[in-house]
Amino acid sequence: MKVVVVESPGKIKSINKYLGPGYKVLASFGHVRDLPAKDGSVLPDQDFEMSWEVDSASQKRIKDIADAVKNSDGLILATDPDREGEAISWHVLDVLKKKRVLGDKPVERVVFNAITKKAVLDAIASPRDIDVPLVDAYLARRALDYLVGFNLSPVLWRKLPGARSAGRVQSVALRLVCDRETEIERFVSEEYWNLSALLRTPRGDEFKAKLVSADGKRLQGRAIKNGEEANRLKTLLDGAAYTVDTIEAKPVKRNPGPPFTTSTLQQAASSNLGFNASRTMQVAQKLYEGVDIGGETVGLITYMRTDGVQMAPEAIDGARHAIADQFGDRYLPEKPRFYSTKAKNAQEAHEAIRPTDFNRSPDKVRRYLDADQARLYELVWKRGIASQMASAEIERTTVEILADNNGQKAGLRAVGSVIRFDGFLAAYVDSREDADKTEEDEEDGRLPEINAREKLDKRKVDASQHFTEPPPRYSEASLIKKMEELGIGRPSTYAATLTTLRDREYVTIDKRKLVPEAKGRLVTAFLESFFTKYVEYDFTADLEEKLDKISAGELDWKQVLREFWQDFFAQIEDTKELRVTNVLDALNEALAPLVFPKREDGSDPRICQVCGTGQLSLKLGKYGAFVGCSNYPECNYTRQLSSEGGAEAEANGLNEPKAIGADPHTGEQLTLRSGRFGPYIQRGDGKDAKRASLPKGWKPEDIDYEKALALINLPRDVGKHPETGKMISTGIGRYGPFVLHDGTYANLEAVEDVFTVGLNRAVTVLAEKQSKNGASGRTRGTPTALKELGDHPDGGAITVRDGRYGPYVNWGKVNATLPKSMDPQSVTMEQAIALIVEKGGKASAGKTKPKKVAAKAGGDTKKTATKAKTAAKATTKKAAPKAKKTGT
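Under UniProt numbering, the first residue of the sequence shown carries the number 1, and numbering increases by one thereafter.
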């Protein structure tokens, strides 16, 4: 009996069935060990010696594998066919060697690109050794990420409070998003006009033509700059006679694109299905691992982490047979199509993402899949089969028209396209190509019959005003495309990088666009000012190329680390001399358009308009950066620094405090201001001035004296309760408007009720609350399980539930909140376990941790609690990265 180690437990059943009783398949659940999240895990002074640690969740799995290997005839390492998969095999083998359970048993490494019987059996028949250069590349990458993260992040924490972390690829991706935002802010819109004429042929057919030349000059894209020029040309066209000058019909062939790679799949799924990168990879993982089809678990697509664009010969044959059967011989090209890969490293240029069997059309498997799986599988199937289909044949017709108004001449053009043969378009049309069309392309369509030299009647002339628009913000799909173009990161890292940027609150997603938060822009500005080299696109791409050369055996991985560390360490040391004032000066300059927007009156945007003498500057607080006055505490003016910038605050009248009137009881001035947590009302000045945030739904421009006075004087006394004689009051709290009596809160329906509710209504609301809760008060029950995942390896059921603050995974007393990007119905067992491991490091609800703390009850309780807290933090830090190969 031989032991086979795979990554995901989802593969075990299928592979065991394919291999038969002579094999025992066990799962590693992704990485079994990692660098501990503490100093000293990588030692540059000891030639980059690395200390690895098996996490608590992997201890039992390693034990199970070791016990099985002891009684086996050999070990087969069958982890995924990429750099990470090779590293997992290396880790498992290294741990087993240290446990001395292998002896002289043979060890083989196999890879299969799909979970099908043929793919698995072919792999078992062709074993190899572990690819040492590929492991070296992994070690170099892991060491680089650790050295950057554990040396650069502390600099951020010390010099830029509120910043979370920095990373080798993460920081460069963030810079792309922030640079695009800067482009948008600095963009100056320009006016331009387009002119077109609706014309009619002698046969009564109408079509539209656009003005392309006038006064003997060719008009480039935005040549007509103002309405005066547009009206002059419109007058010319209104009085002109129109004649067809030339007609040219030109056949054009459009070829299909290659099958999907990881990045193109993520881009297409975003454009066509609305999936983010993480969701795409989650669904693809399930399709790869296998789906139950008529009682048999079958992998439907090949491995989904790849930068290769070629399909295996047998897959090409299968696609050609399916094309002939489902579309006809006309759609089958004479020869198979072959595509060249863009991957710099041939060892990682695996097969493209494709269906494992092209005869399994989307219609045949749809009933076995959930909605998202069916949609993604259809996308992969259509793109794969289209890649081997005939070209589309298009006839593009261009009509040049002459307009003559008493010797004043102008030229117009009409363009039409007709698909003579749809070819591969019968299977797949990429919506991203439609999104990239120009205005002229959008007007392309079938033209009526038009003959050269014939006269045309003018029906109408249109002159339309336009304004140039700034470049669009990146979507996840377009950012992945840009990173791939620049050579930043690798296919398997894109989804994780984007998730990190969201989790760190460096970016938010608004209408599927990535918007940098103020925190993210501060981090980018800091790194560009003091670590310029390490966020440069070329430097990061060159480092990726070196990693590729390591995996190809062309470079020594430790030499690459030595060269990197020498300069990077020197840069880190230089920052120790930085004072906070140096940092703020650099950030004030780098982020001037965001921090100090221009004022309508043309005054210096850095002069405080409250005291008139202070200089405005960025300030660093516990919760991040804000704008404050240099005359603090005499002048306590502050302004929120938000991702929308100061321009929006200025538009709302909040760039500086807005006087509203005096409080009749205290005589102090009421002002409307913008702070770190949004707009608010303030009464008086100084540290002790009373403040009240604007309720949800209240806009700054709608605040008048009455509203401001009512808000600043909350809570409001309504009257004494007729039974208890105690005062009833109203206010606005964390959970909205409320009425309060003797410690009992009852919700009010609207914010306005806080200021208008009378005594009778308040008593009724309180009574209704008491009646609903009962005399003993109501307790919140356990939420119903949305999904049952099965039993934890250590015992006990794992379920997905929907709680007060969103969906979460439950195991015993451990509740682990799901990330916002994760669909509760699609959570897998391995994802759930990874979340539980991470949460278990913080919670006091684990199986063993509470007992260890309780055992010291007779000793120093404070010391024990401190140790437990420290241990929890360390466990959390090192547990978090474990989810790499668990389907996320």
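Beta carbons: idealized from backbone N, C-alpha and C, even for Gly. A quick note: this is a predicted structure, and the numbers were derived from the prediction, not measured.
- Ranked by Cα distance from Q408, the options P605, K217 and L139 are led by K217.
- Per DSSP, V32 lies in no beta strand (DSSP E) and is assigned neither H nor E.
- When the beta-carbon positions are compared, L447 and A496 stay at least 8 Å from each other.
- Here K546 has L555 and V560 as same chain residues with Cβ atoms under 7 Å from its own Cβ, once five neighbours each way along the sequence are excluded.
- For K97, the uninterrupted alpha helix (DSSP H) run begins and ends at R83 to K99, by DSSP.
- For F421, the uninterrupted beta strand (DSSP E) segment begins and ends at Q408 to F421.
- The stretch 468 to 484 and the stretch 259 to 271 touch, with three or more beta-carbon pairs separated by less than 8 Å.
- Excluding sequence positions up to five before and after A797, its CB lies within less than 7 Å of the CB of E788 and D791, all in the same chain and listed in chain order.
- A direct Cα-Cα distance of roughly 29 Å separates V212 from A392.
- Excluding its 5 nearest sequence neighbours in each direction, Y303 has C-beta neighbours in its own chain below 8 Å: D80, P81, D82, N113, A114, Y288, H350, E351 and I353, listed in chain order.
- Three or more beta-carbon pairs separated by less than 8 Å link the stretch 398 to 408 to the stretch 241 to 257, which places the two stretches in contact.
- By the Cβ neighbour-count rule, H91 is buried, with 16 or more other Cβ atoms within 10 Å of its own.
- Three or more pairs of CB atoms, one per stretch, sit closer than 8 Å, so the stretch 142 to 162 contacts the stretch 578 to 587.
- For W811, the pairing in a beta bridge is given by DSSP as I798 and V814.
- The C-beta of G20 has fewer than 16 other C-beta atoms within 10 Å across all chains shown, which makes the residue exposed.
- Nearest to N71 by C-alpha distance, out of M1, K99, S603 and R683, is M1.
- For H665, the number of other beta carbons within 10 angstroms of its own is below 16, and it is reported as exposed.
- The Cβ atoms of V111 and A125 lie no closer than 8 Å to each other.
- Contact between the stretch 747 to 766 and the stretch 708 to 726 is present, with at least three C-beta pairs closer than 8 Å.
- In terms of Cβ geometry, S41 and M50 form a close pair [threshold 8 Å].
- Residue nearest to T828 within the set R100, E838, S478 and K286 is K286 (criterion: CA-CA distance).
- Straight-line measurement puts the Cα of F260 at about 26 Å from the Cα of P9.
- At a Cβ-Cβ threshold of 8 Å, K726 and D742 count as neighbours.
- Counting only residues of its own chain and dropping the five nearest sequence neighbours on each side, Q465 has a CB closer than 6 Å to the CB of W193.
- Assigned with DSSP and collapsed to three states, H721 falls in coil, not helix or strand.
- The C-beta of A241 has fewer than 16 other C-beta atoms within 10 Å across all chains shown, which makes the residue exposed.
- Take the alpha-carbon of L498 and the one of D457: they are about 56 Å apart.
- Across the structure, N810 and R279 are spaced so that their CA atoms are roughly 21 Å apart.
- If you look at D574, you'll find it in the alpha helix (DSSP H) that goes W557 to T575.
- Note that the C-beta distance between P824 and L766 is not below 8 Å.
- The Cβ atoms of M281 and Y331 do not sit closer than 8 Å to each other.
- The C-alpha of N16 lies about 44 Å from the C-alpha of R164.
- Sixteen is the threshold: when 16 or more other Cβ atoms of the shown chains lie within 10 Å of the Cβ of A625, as they do, the residue is buried.
- Under the three-pair Cβ rule at 8 Å, the stretch 133 to 148 counts as touching the stretch 165 to 175.
- One Cα belongs to S56, the other to S28, and the distance between them is close to 13 Å.
- Of the candidates Y494, G411 and S475, the residue whose Cα lies closest to the Cα of K511 is S475.
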